[in-house]
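**Q** Below you'll find the structure I mean.
Residue numbers (UniProt numbering), protein chains in the order written: chain E, 1 to 607; chain S, 1 to 373.
Encoded structure:
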């Protein structure tokens, strides 16, 4: 596929890159360049993801073969696995840290941080983020919070172990469980810094999208990726501060004797002084972030999918305006549904009714999105690159996982499946796997943009996708049944209840799939690292894409475009657009990049 | 069946790898290897998408065939029937939508796989289609919401009509205690600040409250069939959740407040043991237990803790026995009242049990001590 040479290559005076000399430190470490920062986010996120996934394999082995001795447990867990048998406290710690790492460190900053940073300036036609310095600070705060979280794994009494939701009083009282001592303190400190990092990043994204769009890039011409990142940043700014307040109040309860969340507690033979607080208050504060967080994780993945799917289908995304509207609707609704995590928390049942109503409403924009993706594929000319497969995989798991949300969002039906494996299966499919697929799609698709035109090996990509896709269903589909059989989550082993004995086989099946899936990720790791150094260089615009990032040169330069910033004349989805006589707008080429002016006789279709 | 699935997966993986190597070879023969999908990649992955659709259907059918029987037996409470019905209808809708959308998604992926020279259709918008797939979910969800809310309101309406039995469920790390109101069916006031372990007042019951005198404290929950039970949940340390899956009942136990749930048991333990599904389940389970060398199991209703509460969260349970009114009354008559056990008898044994059950090591003992009571 040829590309249009509309990028001006005249040397203009605003060529930032070659003016000031960069040292190793300013270029690779304390960089203020959004492209480098995005790589820093990605690699930090991938490392955290590696740890998080490895943890899940450990506790899945414990669930499948309860009480069995494994050499690997002893090797990795040390004193927490005497004679290779996993300790119950460390089981809870693994579950907790797995959740924390995956939700926050991988799928929030690893996903959103990477692609917002890479794509916002490149796709809207900006030289960099609104504030490169703030962007750098944001990354380094994320880095510090990651380091503190890792350090917390090595404290004497063990890391935080109260579940990733860290409900007090369990998380507030060191006598309730050993992980609630130093481990929990570090967890809270790490998260407080994380929230600050996320806020700085989000504010930057919002300002950049609003102010730095190139000429012609109206809001209705933004690629859906940018819409998704923009709205994600807004809900982050709205909801993360509430988590910070919850964390601060919890720190006060823990360290300064206040009673925000604690009351009437008798533990280990003595009555504590706390009086008048309520753990339910904490749950409200936590889920006020916690639910929007689900969409903070998911929306960027959906945005990436919209872009990747449209490009590879060689078709415009179906229903651009409906897609934007559904992103906005999901974002709005996501802030008023948090109570569906609390139907049986003891809050007023009437409140439960309200939250059921708002929660089930969110299924409507989600359904619209799913149908629009499917229609985008219809009569396309699908280029099944690895990124495209991950996008299709995302829609598949988004539907499968999303549908069971209809059960969990219904307060009545939630009663008996609340906190069982049914919930675990639901959210892993709809947000965990889906968001991971979105992340993989983004990595395969924009790898050439990140690493100077080098491309990842597609065959390894195919193997990676197909094994992952089969195993993801293999792990999480049977899990629904375990939940409906009444098995609670966060049980160290299910052997204390004979009624769960026959479900051990299911656990074994899930664990085998999980281990295969985990190993398959090593293929990705290999492909990722080797492609950075030895990846084959492709064309400047390898996927034949319309968006502006492909008009930049392969080599990264400060300021992104060597000459003038390109102007935008059309939306991002003029794929396979033809004149009335059936000829492509640009002869021999099935796409029209955004910086190509409207041609003679061309109709700007009102999308 | 597990073997079959494993086999299917292995075959699929083998096919995938075989296809991959084929692609690899094909792409090698060309002069320049490109990392962009070509027609043969599109073809192979298009077929694999179709195979994947079959895999999704396969794993669905497999799971239903193999695991349906492991699910909870029919509801043993009055509202449980409504719950199960709503669940069934929701599932029917979900599976209908799932089957169709997955088919469209993967079939389109297969059907429209790229070929050089094929022209995609520029199809950017269609208001009618958008309207259809907005309005259909609206209607279906409106129905589900209304039905769900109606049922929810009924279930959560905890009132004193029909002379309910009042039972307190008391949670602590890592065991349950139940307290009945006694002859007056009124629970005495209680607060954790009044706990006096030396005197076996483990629930912090106010000894000066006359209502407390006839309260009965037990470690095994007995319920008369057909009578409404109003549960009042308390916790003394961290969050717990009283989960009674056979009755479709759950409510968190929150330190500092009293939470409530109410249901009417409709099937006695004896009757449930004769339920064909339960008989089968017990049979299957005992085969497994025999292999492991465990004692055979007899079905019982159970109360589990379903909110992470610490190290022995996984073993925080209490047996529930639903029996006839006469059996219940006879059992109740044998129990000591609070006055007899604490105010008169110093009951050192209970104090010892309390100490033992709060001990971290006492996961298993707690259950035994429960049955000793």
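All residues carry an ideal CB built from backbone N, CA and C; glycine is no exception.
Using DSSP with H/G/I as helix, E/B as strand and the rest coil, what is residue 60 of chain S?
**A** Looking at residue 60 of chain S - three-state DSSP - the assignment turns out to be helix.
**Q** Indicate whether at least one CB of chain E lies closer than 8 Å to the CB of residue 29 of chain S.
**A** A caution first: residue 29 of chain S carries a pLDDT of 49, below 50, which makes its placement in the model unreliable, though a value can still be read off. It does not; no Cβ of chain E falls within 8 Å.
**Q** Below 8 Å on the Cβ atoms is my contact criterion, and I expect residue 538 of chain E with residue 35 of chain S to pass it. Report the Cβ-Cβ distance as a whole number of Å.
**A** Their Cβ separation, rounded to whole angstroms, is 6 Å, which keeps residue 538 of chain E and residue 35 of chain S in contact under 8 Å.
**Q** Is there contact here, the region 315 to 327 of chain E with the region 216 to 235 of chain E, by at least three beta-carbon pairs under 8 Å?
**A** Taking 8 Å as the limit for Cβ pairs, the verdict is that the region 216 to 235 of chain E does touch the region 315 to 327 of chain E.
**Q** Looking at chain C, which residues of the region 368 to 395 of chain E have a Cβ within less than 9 Å of any of its Cβ atoms?
**A** Looking for chain C here will not work: the only protein chains present are E and S.
**Q** Taking any Cβ of chain E, which residues in the region 255 to 272 of chain S have a Cβ under 9 Å from it, in chain order?
**A** Residues passing the 9 Å Cβ filter: 255, 256, 257, 258, 259, 260 and 261.
**Q** Quick check: what's the CA-CA separation for residue 168 of chain E versus residue 250 of chain E?
**A** Cα-Cα distance, rounded: 8 Å.
**Q** Helix, strand or coil: how does DSSP classify residue 247 of chain E here?
**A** Three-state DSSP puts residue 247 of chain E in a helix.
**Q** Applying a beta-carbon distance threshold of less than 7 Å, which residues of chain S neighbour residue 177 of chain E?
**A** Per Cβ cutoff of 7 Å: 310 and 311.
**Q** So which residues on chain E does residue 155 of chain S lean against when the C-beta distance must stay under 8 Å?
**A** By Cβ distance, chain E contributes 412 and 415.
**Q** What's the gap between the Cα of residue 555 of chain E and the Cα of residue 452 of chain E?
**A** So the alpha carbons of these two residues sit roughly 5 Å apart.
**Q** Taking residue 179 of chain S as the reference, which of S:336, S:15 and S:112 has the closest Cα?
**A** Cα-wise, what sits closest to residue 179 of chain S is S:336.
**Q** Could you work out which residues of chain E lie near residue 143 of chain S, taking near to mean beta carbons separated by less than 8 Å?
**A** The premise fails here: residue 143 of chain S is roughly 10 Å from chain E at the closest Cβ pair, so nothing lies under 8 Å.
**Q** Per DSSP, residue 168 of chain S forms a beta bridge with which residues?
**A** Looking at the DSSP assignment, residue 168 of chain S forms a beta bridge with S:179 and S:232.
**Q** Thinking residue 346 of chain E and residue 252 of chain S are a contact (beta carbons under 8 Å), I'd like their distance in whole angstroms, please.
**A** At roughly 5 Å, the Cβ-Cβ gap stays under 8 Å, so residue 346 of chain E and residue 252 of chain S are in contact.
**Q** Please state whether the Cβ-Cβ distance between residue 277 of chain E and residue 266 of chain E is less than 8 Å.
**A** The answer is no: Cβ separation not under 8 Å.
**Q** Opposite residue 318 of chain S in the DSSP bridges: which residues?
**A** The partner list for residue 318 of chain S (beta bridge, DSSP) reads S:303.
**Q** In angstroms with no decimal places, state the Cα-to-Cα distance between residue 300 of chain E and residue 294 of chain E.
**A** Between residue 300 of chain E and residue 294 of chain E, the C-alpha separation is close to 11 Å.
**Q** Can you list, in chain order, the residues of its chain with a C-beta nearer than 6 Å to that of residue 550 of chain E? Leave out the 5 residues immediately preceding and following it.
**A** 541, listed in sequence order.
**Q** Measuring only between beta-carbons, confirm whether residue 318 of chain S sits less than 8 Å from chain E.
**A** Not one chain E Cβ lies under 8 Å of residue 318 of chain S.
**Q** Give a yes or no on contact between the region 366 to 380 of chain E and the region 130 to 141 of chain S, applying the rule of three or more CB pairs nearer than 8 Å.
**A** Yes, they touch.
**Q** Mind the definition here: the region 94 to 102 of chain E touches the region 45 to 54 of chain E only if three or more C-beta pairs lie below 8 Å; say whether that holds.
**A** Contact between the region 94 to 102 of chain E and the region 45 to 54 of chain E is present, because at least three Cβ pairs lie under 8 Å.
**Q** Is residue 469 of chain E near residue 111 of chain E, with beta carbons less than 8 Å apart?
**A** Not a contact, by the Cβ cut-off of 8 Å.
**Q** Is it buried or exposed for residue 151 of chain S, if we count other Cβ within 10 angstroms and need 16 for buried?
**A** Looking at its Cβ environment, which holds 16 or more other Cβ atoms inside 10 Å, residue 151 of chain S is buried.
**Q** Considering only the beta carbon of each residue, do residue 441 of chain E and residue 480 of chain E sit closer than 8 Å?
**A** Not closer than 8 Å, so no.
**Q** Among residues of its own chain, excluding the 5 on either side of residue 245 of chain S, which ones have a beta-carbon nearer than 6 Å to its beta-carbon?
**A** 72, listed in sequence order.
**Q** Quick one: what's residue 242 of chain S bridged to in DSSP?
**A** Per DSSP, S:251 and S:305.
**Q** Near residue 93 of chain S, which residues of its chain fall below 8 Å by C-beta distance, leaving aside the five closest residues on each side in sequence?
**A** Correct list, in chain order: 140 and 144.
**Q** Measure the alpha-carbon distance for residue 320 of chain S versus residue 68 of chain S and round it to whole angstroms.
**A** In a straight line, the C-alpha of residue 320 of chain S is about 24 Å away from that of residue 68 of chain S.
**Q** Spatial neighbours of residue 191 of chain S within its chain, please: C-beta separation below 6 Å, excluding the five flanking residues on both sides.
**A** Only 204 meet the Cβ criterion.
**Q** Between residue 578 of chain E and residue 586 of chain E, is the Cβ-Cβ spacing less than 8 Å?
**A** No, these two residues do not count as a Cβ contact at 8 Å.
**Q** Return the residues of the region 491 to 503 of chain E that lie within a Cβ-Cβ distance of less than 8 Å from chain S, sorted by chain order.
**A** Listed by position, the residues of the region 491 to 503 of chain E near chain S (Cβ gap below 8 Å) are 491, 492, 493, 494, 496, 497, 498, 499, 501, 502 and 503.
**Q** Give every residue of the same chain whose Cβ lies closer than 7 Å to the Cβ of residue 176 of chain E, excluding the five residues on either side of it in the sequence, and list them in chain order.
**A** Only 169, 170 and 267 meet the Cβ criterion.
**Q** Quick check on residue 343 of chain E: does DSSP put it in helix, strand or coil?
**A** Residue state, collapsed to three classes: coil.
**Q** To the nearest angstrom, report how far apart residue 351 of chain S and residue 177 of chain S are at their CA atoms.
**A** Residue confidence for residue 351 of chain S is low, a pLDDT of 49 falling below 50, so the modelled location carries little weight; the figure read from the coordinates is stated next. Those two C-alpha atoms are separated by around 14 Å.
**Q** What are the complete beta strand (DSSP E) segments, minimum 3 residues, inside the region 510 to 570 of chain E?
**A** Whole beta strand (DSSP E) segments, 3+ residues: zero.
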